[in-house]
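Numbering that gives the first Met the number 0 applies: residue 0 is where the sequence shown begins, and numbers increase by one.
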Amino acid sequence: MMLVFTIIYLLISFVNHLCFRTYGLDLGLYTNAMYDYAHGFMANMDMIWDTKELALADHFDLYLLLFSPLTYLFGSWTLLVIQIASVLIGAKGVHTYFKNDPKIARFATFFFLMYFGVFSALSYDYHSNVIAAMAVPWLFYFVREKRFIASLLVLIFIWIGKENMAFWMTFVSLGLAIIYRKERKTLFVLLAFSAASFMYFMLVIQVIMPSLSHGGEYLHFAYSRIGNSMTEAFVYLISHPIDSLEVFFTNHLSNPRFDGVKAESHIILLLSGVVILFRRPAYLLMLAPIYFQKFFHDTPMTWSPGAQYSIEFAPILAIGVFEILRSIQKEKVRHYALWAVVLIGVACTIRISDQPFDHVEESNVQFYKKNHYVRDYNTDTVRQAIALIPDDAAVCAQNPYLPHVALRKDVYMFPYIKKAEYILVSSMEYPYPLETEGLILEIEQLKNDPEWITILEKDGVYLFKKA
Numbered sequence: 000m001m002l003v004f005t006i007i008y009l010l011i012s013f014v015n016h017l018c019f020r021t022y023g024l025d026l027g028l029y030t031n032a033m034y035d036y037a038h039g040f041m042a043n044m045d046m047i048w049d050t051k052e053l054a055l056a057d058h059f060d061l062y063l064l065l066f067s068p069l070t071y072l073f074g075s076w077t078l079l080v081i082q083i084a085s086v087l088i089g090a091k092g093v094h095t096y097f098k099n100d101p102k103i104a105r106f107a108t109f110f111f112l113m114y115f116g117v118f119s120a121l122s123y124d125y126h127s128n129v130i131a132a133m134a135v136p137w138l139f140y141f142v143r144e145k146r147f148i149a150s151l152l153v154l155i156f157i158w159i160g161k162e163n164m165a166f167w168m169t170f171v172s173l174g175l176a177i178i179y180r181k182e183r184k185t186l187f188v189l190l191a192f193s194a195a196s197f198m199y200f201m202l203v204i205q206v207i208m209p210s211l212s213h214g215g216e217y218l219h220f221a222y223s224r225i226g227n228s229m230t231e232a233f234v235y236l237i238s239h240p241i242d243s244l245e246v247f248f249t250n251h252l253s254n255p256r257f258d259g260v261k262a263e264s265h266i267i268l269l270l271s272g273v274v275i276l277f278r279r280p281a282y283l284l285m286l287a288p289i290y291f292q293k294f295f296h297d298t299p300m301t302w303s304p305g306a307q308y309s310i311e312f313a314p315i316l317a318i319g320v321f322e323i324l325r326s327i328q329k330e331k332v333r334h335y336a337l338w339a340v341v342l343i344g345v346a347c348t349i350r351i352s353d354q355p356f357d358h359v360e361e362s363n364v365q366f367y368k369k370n371h372y373v374r375d376y377n378t379d380t381v382r383q384a385i386a387l388i389p390d391d392a393a394v395c396a397q398n399p400y401l402p403h404v405a406l407r408k409d410v411y412m413f414p415y416i417k418k419a420e421y422i423l424v425s426s427m428e429y430p431y432p433l434e435t436e437g438l439i440l441e442i443e444q445l446k447n448d449p450e451w452i453t454i455l456e457k458d459g460v461y462l463f464k465k466a
């Protein structure tokens, strides 16, 4: 089973990278950050911003620092390798947690590997919350086995993945404390874990990240509908429960294009196992911050089933749902319930992959279709252009090309040329952050600019060199 899913994950993630369906935001940015760390520099946001804002002020992600030496082995593929490996390690954690019941272990592991949030995350670049989420089954296992030192090490590992992971662990630890409330020592340890997680979270977002930011503030509180700070948001949720529920379930932006995005996610999440967790609310408590950050956020992509925004549900559902199913006394009922949950989970994954509603790119995830393996232009020309760029040259490249040229000191997203010596761009690619007309205009201006020499123009791909 693990081998089959490894092949599927490779076909999704690696083929996307090979076909230039990974992007400057976010794989290119993170790969460039690892290059900086591996060479003794503090990574910054110069690729996409005008300021030299430190990467740690954007997201307090220490995994990139930890993993940076691996770039010498795997190059631009490093984070994709790590992400796939982490999912497999997470699956091993689920299997280990249920090891005393082989049948449950098989079903839970398959459910985890097939979960729509895993497929969506692997179809869109790399994100450190995926790595953190994959450690959660091991936290559950070590807590149950009363291996508290190992539990603490896993907890700290999860913390350092991203600033909001510690906030999540506050609730995961509380949920576990409820589950183990009759075991006094375990209860005390878990309450301490919860308190420590919250203190670390507050330290990072209130002190460390603002001190690293040019503006002296945390940059990612994007919940303007309910407040401009955590305190305001908390007060709003308590004092306006009806309005909060409306925001939670409906499009709270003015653009009607995003009507139905939240509804689809809620339905998919309920069908994929959340509804079963109502039998043991401790697991729902663990998901409370994930629900909050998903559905109250200002960015519609966050509401969707796409990208990395549902990955944290995977470990909680894989363990919570199958713990509940394991408690069913009648063997025949338990057997049918296991099959029903797994088959519905598969159906949800197929639904999201084959007929995505919004914010899931079909060609990125449909590894079983021809379009996943081809592009509508000659990508060999792009590889030819990249081969012409010296390894130490400053490069400005279009969004899909950035991950492939990110292992250098100076690299920028087109059209932010800055001090680039080479510009790699294509009229055939998605123009972000420009519109199509703007992209064509920029290319024409470069072709006519005496400061730039066109050293390759073929199949809609252009490589310019500073004169």
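Even glycine gets a Cβ: it sits at the ideal position worked out from N, Cα and C.
These figures come from a predicted structure and were not determined experimentally.
- For L244, the uninterrupted alpha helix (DSSP H) run begins and ends at P240 to F248, by DSSP.
- In the pairwise beta carbon analysis, the segment 188 to 198 is classified as not touching the segment 308 to 320: fewer than three pairs are separated by under 8 angstroms.
- For T50, there is no enclosing beta strand (DSSP E), since its DSSP letter is neither H nor E.
- Note that the C-beta distance between D60 and K145 is not below 7 angstroms.
- Per the coordinates, the alpha-carbon of F233 lies some 32 angstroms from the alpha-carbon of L28.
- Between T435 and K446, the gap from beta carbon to beta carbon reaches 7 angstroms or more.
- Following the DSSP letters along the chain, one finds T298 in no beta strand (DSSP E), marked with neither H nor E.
- The residues M208, L211, S212 and L218, in chain order, have a CB closer than 7 angstroms to that of A56 in the same chain once the five nearest residues on each side in sequence are set aside.
- G116 counts as buried, since no fewer than 16 other beta carbons sit within 10 angstroms of its beta carbon.
- Inclusion of M46 and M412 in the CB contact set at 7 angstroms is warranted, their separation being smaller than that value.
- One Cα belongs to I275, the other to V206, and the distance between them is close to 39 angstroms.
- Here C395 is bridged, per DSSP, to Y411 and I422.
- In this structure, the CA atom of V80 is about 9 angstroms from the CA atom of S12.
- Counting only runs that start and end inside the segment 187 to 211, the alpha helix (DSSP H) elements of at least 4 residues fall at 208 to 211.
- Annotation for I6: the continuous alpha helix (DSSP H) segment containing it runs M1 to L17.
- A contact is defined here as three or more CB-CB pairs under 8 angstroms, and the segment 397 to 405 meets this definition with respect to the segment 423 to 432.
- Residue pairing by DSSP puts I452 in a beta bridge opposite K464.
- F139 places its beta carbon 7 angstroms or farther from that of Y71.
- The three-state secondary structure of N447, taken from DSSP, is coil.
- Listed in chain order, the non-local C-beta contacts of A287 below 7 angstroms within the same chain comprise F170, local neighbours out to five positions each way being set aside.
- In this structure, S67 and A37 form a Cβ contact; the two beta carbons are roughly 4 angstroms apart against a cut-off of 8 angstroms.
- Take the alpha-carbon of K465 and the one of V424: they are about 14 angstroms apart.
- Here the segment 249 to 262 makes contact with the segment 289 to 305; the two share three or more CB pairs at distances below 8 angstroms.
- Sequence-distant partners of L175 (beyond 5 residues in either direction) whose C-beta falls short of 7 angstroms from its own C-beta, in its chain, are V142 and L189.
- Counting along the chain, the unbroken alpha helix (DSSP H) around M168 starts and ends at E162 to I178.
- Between the alpha carbons of L26 and L173 lies a gap of roughly 33 angstroms.
- When DSSP assignments are scanned along the segment 100 to 154, no uninterrupted stretch of beta strand (DSSP E) that is 3 or more residues long falls wholly within it.
- Apart from the 5 residues on each side of it in sequence, Y8 sits with its Cβ closer than 7 angstroms to the Cβ of I83, V86 and L121 in its chain, given in chain order.
- Distance check between L202 and each of L236, R183 and W158 places W158 closest, using alpha-carbon atoms only.
- About 4 angstroms separates the CB atoms of T380 and V460; that is less than 8 angstroms, so the two are in contact.
- Its chain contains F106, F109, F110 and M113 as the residues whose beta carbon lies nearer than 8 angstroms to that of V341, once the 5 sequence neighbours on both sides are disregarded; these appear in chain order.
- Taking T185 as the centre and dropping the five residues before and after it, the same chain places the C-beta of Y179 closer than 6 angstroms to its C-beta, in chain order.
- K457 is bridged by DSSP to V460.
- R350 has its alpha-carbon roughly 14 angstroms from the corresponding atom of N363.
- Relative to the Cα of Y22, the nearest Cα in the group K331, I388, N128 and A405 belongs to A405.
- Judged by their CB atoms, F366 and I422 are not nearer to each other than the 7 angstroms cut-off.
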